[in-house]
Each structure stands twice: as structure tokens, then as C-alpha cells.
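Contents: one structure, followed by commentary.
Printed below as a string of C-alpha cells:
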């Protein structure tokens with residue numbers, strides 16, 4: 008799978024911030040991250056997934072900005088579902104493995 012190293016909580020948080028702030032630079036600043044690092048994260052994720060994640064416009068009189076691509080939104084939705092399912096499975100597994108403690112054995 009090409010995207011297995013391209014996703015994670017850092018990528019997800021950065022994309023969420025871009026979606027909220029409509030700017031990669033503003034998103035990076037809100038996360039106390041250098042713009043160059045944010046750009047590298049997005050670029051690495053794009054390489055890993057094999058698709059563009061941001062539509063960017065260059066600054067000028069109206070200012071620049073960035074919006075998520077449809078693929079980025081699909082990735083964010085899938086990552087959210089992945090985390091939900093992983094948490095659910097983790098709770099079930101914990102109960103199976105450590106349930107004996109609750110029984111006082």
C-alpha cells in the first residue's frame with residue numbers, strides 16, 4: 008500500500024488545520040511548525056498516496072491560500088474511520104486480555 012507511511016495523526020492534524028484556515032502557512036503557524044516542515048509533510052503524503060492533497064493559489068492582492076482536494080477529504084474520512092475502528096478493537100482486545108483483573112482473580 009503506497010499510503011501506509013503517508014498518513015498518521017500529524018498529517019491528519021495538518022490537513023484539518025489547512026481545511027479550517029485555508030492556508031498551509033497559517034496551519035503550520037497554528038501548530039508551531041515551520042512552513043518548510045509543513046510543506047515537507049504534505050509533499051511526503053502526496054508522494055505516498057500518489058495524489059495531490061492541496062489546491063494552492065499564489066498570494067497577491069487577494070492573498071494566497073490552500074484548500075483540500077477531494078482525495079484529501081476522502082483520506083481524512085478514511086483515517087477517521089480507521090482510528091475509530093482501531094480504538095474499538097483495542098477496547099475489545101484489552102477486555103479479552105486483561106478481563107481477569109476485573110474478576111478479582
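In this note's numbering, the protein residues as written are 8 to 112.
Built from N, CA and C at the ideal position, the CB exists for glycine as well.
Fair warning: this is a prediction, and the values are worked out from it, not measured in the lab.
Among residues of its own chain, excluding the 5 on either side of residue i, which ones have a beta-carbon nearer than 8 Å to its beta-carbon?
i          : result
residue 38 : 20, 21, 24 and 45
Rounded to whole angstroms, how far is the Cβ of residue i from the Cβ of residue j, which I believe are closer than 8 Å?
i          : j          : result
residue 57 : residue 65 : Between residue 65 and residue 57 the Cβ distance is about 25 Å, and since that is not below 8 Å, they are no contact.
Given a threshold of 16 other Cβ atoms within 10 Å of its Cβ, counted over all protein chains shown, does residue i qualify as buried or as exposed?
i          : result
residue 93 : exposed
residue 43 : exposed
residue 31 : buried
Note down, in chain order, each residue of its chain lying with its Cβ closer than 6 Å to the Cβ of residue i, except the 5 sequence neighbours on either side.
i           : result
residue 104 : none
residue 13  : 52, 55 and 56
Work out the CA separation of residue j and residue i for me, nearest whole Å.
i          : j           : result
residue 16 : residue 106 : 29 Å
residue 28 : residue 98  : 34 Å
residue 95 : residue 102 : 11 Å
residue 73 : residue 80  : 13 Å
residue 87 : residue 36  : 24 Å
Can you list, in chain order, the residues of its chain whose CB lies under 7 Å from that of residue i, leaving out five sequence neighbours each side?
i          : result
residue 26 : 75
residue 48 : 17, 18 and 21
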